[in-house]
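Trainee:
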Amino acid sequence: MTAPLDPAAEAGWADPPARKGFFTDTSICIGCKACEVACKEWNGVPEDGLQLLGSSYDNTGALGASTWRHVAFIEQPAAPVVDLGMPGTQLPGEADGAQRTDFRWLMESDVCKHCTHAACLDVCPTGSLFRTEFGTVVVQDDICNGCGYCVPACPFGVIDRRIGEKGVVKNEGLAQKCTLCYDRIGDGLTPACAQACPTQSIQYGDVDELRERAQQRVDTLHAQGVHDARLYGESTHDGVGGLGAFFLLLDEPEVYGLPPDPVVATKGLPGMWRKAGLAAVTLLAGTVAAFAGGRP
Ligand code: SF4
Ligand code: SF4
1 MTAPLDPAAE AGWADPPARK GFFTDTSICI GCKACEVACK EWNGVPEDGL
51 QLLGSSYDNT GALGASTWRH VAFIEQPAAP VVDLGMPGTQ LPGEADGAQR
101 TDFRWLMESD VCKHCTHAAC LDVCPTGSLF RTEFGTVVVQ DDICNGCGYC
151 VPACPFGVID RRIGEKGVVK NEGLAQKCTL CYDRIGDGLT PACAQACPTQ
201 SIQYGDVDEL RERAQQRVDT LHAQGVHDAR LYGESTHDGV GGLGAFFLLL
251 DEPEVYGLPP DPVVATKGLP GMWRKAGLAA VTLLAGTVAA FAGGRP
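Numbering-wise (our numbering), the sequence shown opens with residue 1 and increments by one.
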């Protein structure tokens, strides 16, 4: 797939500003969840339950209509497991070349990817989801009719309808997700989550510049012996044309619950419409021929 260089221009914005996005460097995330709290605070996102999951120290579970940022805690034993014990103090890959005998935590602050080819936006029948001049994807609460078409269209399971008591919970029934703080970036401010991140694991800026910075970071980590470091979603040649919010990971994407090869759900639509049109024309021609052939 050939991606447009600038999704805002593709969407019809004249002379748009540079595309904005996130580079999330999971190698320096400490799992403090300041981003989750800042997002809720700034955007007025309601609380959606805090429970220890039993599988992890994570207590917010997953991205959803009321969790626009989610910090995943992945507790990863070494293979083969020799002794779980307590976590070691050395950084991943710094155990004198020896096999790790303990486990490690991988932390990753996940968010809407603000895809170059966004299926959520493609399938929205009301125009509630739209492409901003910054190349991001935003839902307009006052236009969303709660049909939910966008929910299965997202290849990352990001967008969802908010559940709660009607008239009590804000935007109950409507599709909700990260706006990349459209109101803040329009005023030249940094999104709330990136502003709150104490380690700069979440970096906000021009996507082109972030891609260069991310590649430099991968090169640095490789030089330091962290050979598993890799970028996810930075390539404009993937199935969604590259992500506006992309990541540096320390393991396979599946470990973080990310699809290894995401594809925009509407990719097959043009071909399907072509075939449906061809079928309709063939049917019409057959009907006309049947009537014409039946005349005396
Ligand atoms: S990650 Fe999902 S919700 Fe976000 S822009 Fe892409 S398709 Fe839409
Ligand atoms: S950019 Fe704004 S809306 Fe999106 S996760 Fe960060 S704080 Fe929340």
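Cβ atoms here follow ideal geometry from the backbone N, Cα and C, with glycine treated the same way.
1. Which residues share a DSSP beta bridge with residue 248?
2. Determine the closest residue to residue 12 out of 105, 197 and 135, with distance taken between C-alpha atoms.
3. Give me the Cα-Cα distance between residue 65 and residue 141, rounded to the nearest whole angstrom.
4. Is the beta carbon of residue 201 sitting closer than 7 Å to the one on residue 25?
5. Quick one: which unbroken alpha helix (DSSP H) runs of 4-plus residues sit fully inside the stretch 1 to 70? Chain order, please.
6. Return helix, strand or coil for residue 263, following the three-state DSSP convention.
7. The alpha helix (DSSP H) with residue 207 in it runs from where to where?
8. Look at residue 299 and residue 147 and say whether their C-beta atoms are less than 7 Å apart.
9. By how many angstroms is the C-alpha of residue 45 removed from the C-alpha of residue 61?
10. Using only the heavy atoms of ligand 2, determine whether one of them is closer than 6 Å to the beta carbon of residue 376.
11. For the alpha helix (DSSP H) containing residue 131, name the first residue and the last one.
12. What is the residue span of the beta strand (DSSP E) that residue 104 lies within?
13. Mind checking which residues open and close the beta strand (DSSP E) that includes residue 139?
14. Taking its Cβ as the centre, do 16 or more other Cβ atoms sit within 10 Å of residue 325, making it buried, or is it exposed?
15. Residue 118 and residue 138: beta carbons closer than 7 Å?
16. Once you ignore the five residues that flank residue 181 on each side, which residues in its own chain have a CB closer than 6 Å to its CB?
17. By Cβ distance below 7 Å, which residues in the same chain neighbour residue 32 in space, the five residues on each side in sequence not counted?
Mentor: The short version:
1. Stepping through the sequence shown from its first residue, residue 248 is reached at position 248. According to DSSP, residue 248 shares a beta bridge with 25 and 231.
2. Locating residue 12 in the sequence shown gives position 12, counting from the first residue. Checked all of 105, 197 and 135; the closest Cα to residue 12 is 135.
3. By one-based count along the sequence shown, residue 65 stands at place 65. By one-based count along the sequence shown, residue 141 stands at place 141. Approximately 12 Å between the Cα atoms of the pair.
4. Counted from its first residue, the sequence shown places residue 201 at position 201. Counted from its first residue, the sequence shown places residue 25 at position 25. Closer than 7 Å, so yes.
5. Qualifying alpha helix (DSSP H) stretches, in chain order: 7 to 10 and 34 to 43.
6. By one-based count along the sequence shown, residue 263 stands at place 263. In the three-state reduction of the DSSP assignment, residue 263 falls in the strand class, which pools E and B.
7. Position 207 of the sequence shown, counting from 1, holds the residue named residue 207. For residue 207, the enclosing alpha helix (DSSP H) stretches over residues 207 to 223.
8. This structure cannot speak to residue 299, because the chain is shown only from 1 to 296.
9. Stepping through the sequence shown from its first residue, residue 61 is reached at position 61. Stepping through the sequence shown from its first residue, residue 45 is reached at position 45. Residue 45 has its alpha-carbon roughly 16 Å from the corresponding atom of residue 61.
10. In the structure as shown, the chain begins at 1 and stops at 296. Residue 376 is therefore absent and cannot be evaluated.
11. By one-based count along the sequence shown, residue 131 stands at place 131. Under the DSSP assignment, residue 131 falls outside any alpha helix (DSSP H), being part of the beta strand (DSSP E) whose first and last residues are 129 to 131.
12. Taking the sequence shown and counting its residues from 1, one reaches residue 104 at position 104. Membership of residue 104 in the beta strand (DSSP E) is indicated by the continuous run 103 to 110.
13. Along the sequence shown, one-based indexing puts residue 139 at 139. Per DSSP, residue 139 belongs to the beta strand (DSSP E) from 137 to 139.
14. Limits of the chain in this structure are 1 at one end and 296 at the other, which puts residue 325 out of reach.
15. Here the question's residue 118 lines up with position 118 in the sequence shown. Here the question's residue 138 lines up with position 138 in the sequence shown. Not in contact: residue 118 and residue 138 (Cβ atoms no closer than 7 Å).
16. Along the sequence shown, one-based indexing puts residue 181 at 181. Counting only Cβ-Cβ distances below 6 Å, and skipping sequence neighbours, we find 191 and 192.
17. Stepping through the sequence shown from its first residue, residue 32 is reached at position 32. Here the set comprises 198.
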